[in-house]
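> Just passing along the structure, written as structure tokens.
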Amino acid sequence: MPQEKKPSGAGRVALITGANRGIGFEIARQLARRGLRVVLGAREANEGKRAATKLEPDGSVIAETIDVADAASVERAIGAIRERCGRIDVLVNNAGILVDSGQTASGVSLGDVQKTLDVNLIGAWRVSQTVLPLMRKQRYGRIVNVSSSMGTLSDAAGSGGGWPAYRLSKTALNALTILLAAELGGENVLVNAVSPGWVRTRMGGDGAPRSVEEGADTPVWLATLPEGGPSGQLFLDRRRIDW
Ligand code: NAP
Numbered sequence: 036m037p038q039e040k041k042p043s044g045a046g047r048v049a050l051i052t053g054a055n056r057g058i059g060f061e062i063a064r065q066l067a068r069r070g071l072r073v074v075l076g077a078r079e080a081n082e083g084k085r086a087a088t089k090l091e092p093d094g095s096v097i098a099e100t101i102d103v104a105d106a107a108s109v110e111r112a113i114g115a116i117r118e119r120c121g122r123i124d125v126l127v128n129n130a131g132i133l134v135d136s137g138q139t140a141s142g143v144s145l146g147d148v149q150k151t152l153d154v155n156l157i158g159a160w161r162v163s164q165t166v167l168p169l170m171r172k173q174r175y176g177r178i179v180n181v182s183s184s185m186g187t188l189s190d191a192a193g194s195g196g197g198w199p200a201y202r203l204s205k206t207a208l209n210a211l212t213i214l215l216a217a218e219l220g221g222e223n224v225l226v227n228a229v230s231p232g233w234v235r236t237r238m239g240g241d242g243a244p245r246s247v248e249e250g251a252d253t254p255v256w257l258a259t260l261p262e263g264g265p266s267g268q269l270f271l272d273r274r275r276i277d278w
């Protein structure tokens, strides 16, 4: 009898934040198709359930309510996943907001800066801190921080100062990637950042050149890196790029 070929991710559990739409939804789909057990994170319970139902044909997908800006929500969600799945192998910090279009560094509302940092930086940090004890215990973890080319310092230098809160949140997320990777070297927990490119989503708009499939490709690749893979780097199209 021919042996059924097991998908490479079988047995692994992946949590993707902000996965009810956009790039996160597509990352969830692609990881489910690779055989991972996907936990689709959404801050609205109904949105999460609706999105998870859509992905049923793609594999094992369950929804979990998680607002990355709310410490109690993160604590509760990670506890619930631990109870239900027993482990978390992959964390994709994808949830993100962009609220400072048309603003520049000299005049941007600092409230908007705080709001942006709370989701894009502290949110990813908070979820990582909550998941890391499990990953360390397992001696296996893949953390993918969905960043942006707009967070690179060279891009900021040529930007005219636009989107200051968003840029800074991603620059800081890149730095967090370096710090976590430096701390976790040797524990088989790989931490990388990714620029998905400019992607057609609610955030990216209809005029963006890339599909969500293209935007999700490198995050999915980083989420499934083999042991000894790169850590503490920023990638675009599966290639390392400068910070
Ligand atoms: P999107 O369509 O606007 O989706 C953003 C997702 O994040 C939504 O699911 C949203 O949930 C969720 N979210 C926002 N705040 C949250 C919170 N506090 N807790 C949990 N989830 C939250 O954006 P996208 O284009 O797919 O972006 C995904 C990631 O890629 C972001 O980190 C973004 O910065 C990055 N990125 C995007 C592009 C692009 O061109 N699209 C380029 C570079 C980087 P709700 O539905 O509840 O609002």
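Numbering (the working numbering), first residue to last: 36 to 278. All C-beta atoms in this analysis are idealised placements derived from N, C-alpha and C, irrespective of residue type, glycine included.
Kindly list the residues whose CB is nearer than 6 Å to the CB of N55, restricted to its own chain and excluding five residues on each side of it in sequence; keep chain order.
The answer, listed in chain order, is A77, E82, G83 and A86.
> Considering I178, what are the terminal residues of the beta strand (DSSP E) in which it resides?
Element bounds for I178: G176 to V181.
> Exposed or buried, what is T187 when buried is set at 16 or more other beta-carbons lying within 10 Å of its beta-carbon?
T187 comes out buried.
> Cβ atoms of I97 and V109: under 9 Å apart, would you say?
In this structure, I97 does not lie closer than 9 Å to V109 by Cβ.
> Based on the DSSP secondary-structure assignment, which residues constitute the bridge partners of T139?
The partner list for T139 (beta bridge, DSSP) reads G197.
> Here's the rule: buried if 16 or more other CB atoms are within 10 angstroms of the residue's CB, otherwise exposed. What is K172?
Result: exposed.
> Taking I62 as the reference, give the member of L257, A251 and P199 with the closest Cα.
The residue with the shortest Cα to Cα distance from I62 is A251.
> Among N180, V148, D147 and L260, whose alpha-carbon lies nearest the alpha-carbon of V162?
Of N180, V148, D147 and L260, the residue nearest in Cα terms is N180.
> Determine the DSSP secondary structure at R27, reduced to helix, strand or coil.
Past the boundaries of the shown model lies residue 27; the chain is included only from 36 to 278, so the question cannot be answered.
> For A106, is the beta carbon positioned less than 8 Å from some heavy atom of ligand 1?
A106: no, Cβ never under 8 Å from ligand 1.
> Measuring CB atoms only, is the segment 188-197 touching the segment 145-152, in the sense that at least three cross pairs come out at less than 8 Å?
At 8 Å Cβ cutoff, the stretches do not touch.
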